[in-house]
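Everything on this sheet refers to the single structure shown next.
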Amino acid sequence: MDEQQAREDIKLIRDMLERTRRASAESGALFIFWGVWLILGLAGQYTLLFLQRYDWIWVNWAFFGLTGWIVSAVYSIRRGRKARMRTYAQSATAFVSIGCSIGFLLTAFVFPLLHIYPYAAIPVNIALISGIMQFVQGGIFRWPLLWAAGILWWVGAVVMAFVPGEWRGIVLIPLMVLGYLVPGLIFRARFRRSGGDRAAE
Amino acid sequence: MTPDKFAPLDPVIHSQVRLAVLSILASAAQADFNFLKSAAGTTDGNLSTHLAKLEEAGYIRIKKSFQGRKPLTTCILTERGRSALSRYVKALEDYLPKEIKSKAS
């Protein structure tokens with residue numbers, strides 16, 4: 012072993028770490044999906060409010076929530092099966108996402124149906140949980156944009172406290188765009204640029 | 633310091649393929665045989681031999697299962713393997729001039 016060989020070994024280690032990083036790059040697909048899906052859900056909610064069909068609002072959210080979770084679960088399982096490797100960051104992200112999904116289910120459906128708090132509190136709680144999810148994911152991916160998105164969700168939750176109940180959903184729209192769509196599109200662009208799909212093969 | 637006085641390099645890791653495998657597994661919770669083969673740029677038979685050596689040394693754990701009807705070989709780095717790789721990298725740094733040691737680590 013000489014200096015030149017040592018350099019080659021260190022280069023090899025770096026190359027392998029870079030390859031793992033590229034193969035595990037976040038595709039952003041679920042961020043984009045949830046951003047679009049929840050904005051459509053909000054559009055459905057305000058259409059029903061406009062039509063004064065208040066009883067159907069929970070059906071609207073049950074549809075968007077349930078289909079969204081099914082799509083996410085199927086996508087994640089299929090991607091997991093195709094993946095040739097799995098990093099600790101991906102495992103941590105999966106656990107955070109599952110944990111927060113259970114939190115969303117409880118906060119958006121179970122507790123309001125049990126009359127633990129009024130329906131107007133749902134968007135505030137959703138924003139709080141989304142903030143935790145994005146802030147933690149920002150830590151896992153070491154990406155300040157997601158930390159900022161997490162903080163933005165919490166600021167949005169505070170803003171909602173000063174907005175009349177039926178208009179709180181409107182505050183969620185810019186949060187969906189900045190918290191899901193923008194990071195999702197940036198993840199997608201990075202993923203394509205780094206050849207993430209090919210690197211995983 | 634002359635090369636004779638440097639810390640000896642672990643002979644189990646001192647091979648391009650085995651070093652590549654351990655480097656991947658250091659950052660991945662697990663990786664399958666085909667991913668390792670493509671990353672290390674080697675053949676099935678060659679990789680199998682190297683994986684067996686790493687498993688024998690207790691540096692990796694090999695899990696065999698099925699994905700549908702296809703056999704699936706998954707490798708996981710053990711704590712022993714992680715420590716060995718860490719020692720190997722530190723030993724490698726001794727071969728580098730002082731000014732680039734910090735960059736390498």
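Residue numbers (the working numbering), protein chains in the order written: chain A, 12 to 212; chain B, 633 to 737. Each residue gets a CB set at the ideal place from its N, CA and C atoms; glycine is no exception. Small disclaimer: the values here were computed from a predicted structure and weren't measured.
Within chain A, no C-beta atom comes less than 9 Å from the C-beta of Ala689/B; the nearest is roughly 18 Å away. Within chain A, not a single residue places a beta-carbon under 7 Å from that of Asp676/B; the smallest gap is close to 15 Å. Trp178/A is classed as exposed because its beta carbon has fewer than 16 other beta carbons within 10 Å across all chains shown.
DSSP places Ala671/B inside the alpha helix (DSSP H), whose first and last residues are Phe665 to Ala672. In the three-state DSSP reduction, Phe698/B falls in the strand class (E or B). Within the same chain, Cβ atoms closer than 7 Å to the Cβ of His682/B are found at Ser647, Val649, Arg650 and Val653, the five residues on either side in sequence being excluded.
What Ala17/A touches in chain B, judged by beta-carbon distance under 7 Å, is Leu724, Tyr727 and Leu728, going in chain order.
What Ala716/B touches in chain A, judged by beta-carbon distance under 8 Å, is nothing: the nearest beta carbon there is about 13 Å away. Here Asp13/A is exposed, its C-beta having fewer than 16 other C-beta atoms within 10 Å. Assignment of beta-bridge partners to Cys111/A by DSSP yields no partner. The beta carbon of Trp164/A sits closer than 7 Å to the beta carbons of Ala138, Ser141, Gly142, Gln145, Leu186 and Gly190 from its chain, once the five residues preceding and following it are set aside; these are given in chain order.
Taking CB atoms only, Met27/A has a neighbour in chain B less than 8 Å away. In this structure, Ser715/B and Thr31/A do not form a Cβ contact; the two beta carbons are roughly 19 Å apart against a cut-off of 8 Å. Val85/A and Glu725/B have their C-alpha atoms some 46 Å from each other.
By the rule that beta-carbons nearer than 8 Å mark a contact, Ile162/A does not touch chain B. When secondary structure is reduced to three states using DSSP, Pro640/B falls in the coil class, being assigned neither helix nor strand.
Judged by DSSP secondary structure, Arg714/B falls within the alpha helix (DSSP H) whose first and last residues are Glu711 to Glu725.
In the displayed model, Ile708/B falls within a strand according to three-state DSSP. Around the CB of Asp664/B, 16 or more other CB atoms lie within 10 Å, so the residue is classed as buried. For Asp664/B, the neighbours in chain A by C-beta distance under 8 Å run, in chain order, Arg95 and Met96. Non-local beta-carbon contacts of Gly79/A in its own chain, meaning distances under 7 Å to residues more than five positions away in sequence, involve Trp45 and Trp48 in chain order.
Taking 8 Å as the cut-off, the beta carbon of Arg719/B is found no closer than this to the beta carbon of Ile708/B. Val644/B has a beta carbon lying at 8 Å or more from every beta carbon in chain A. Identification of chain B residues near Glu14/A by a Cβ-Cβ cut-off of 8 Å yields Tyr727, Leu728 and Pro729, ordered along the chain.
Across the structure, Ala131/A and Ile197/A are spaced so that their CA atoms are roughly 32 Å apart.
Nearest Cα to Ile133/A within the set Ala100/A, Pro155/A and Ile181/A: Ile181/A. Interface with chain A (8 Å Cβ-Cβ cutoff): Leu651/B is included.
A straight-line Cα-Cα distance of about 31 Å links Leu679/B and Arg201/A.
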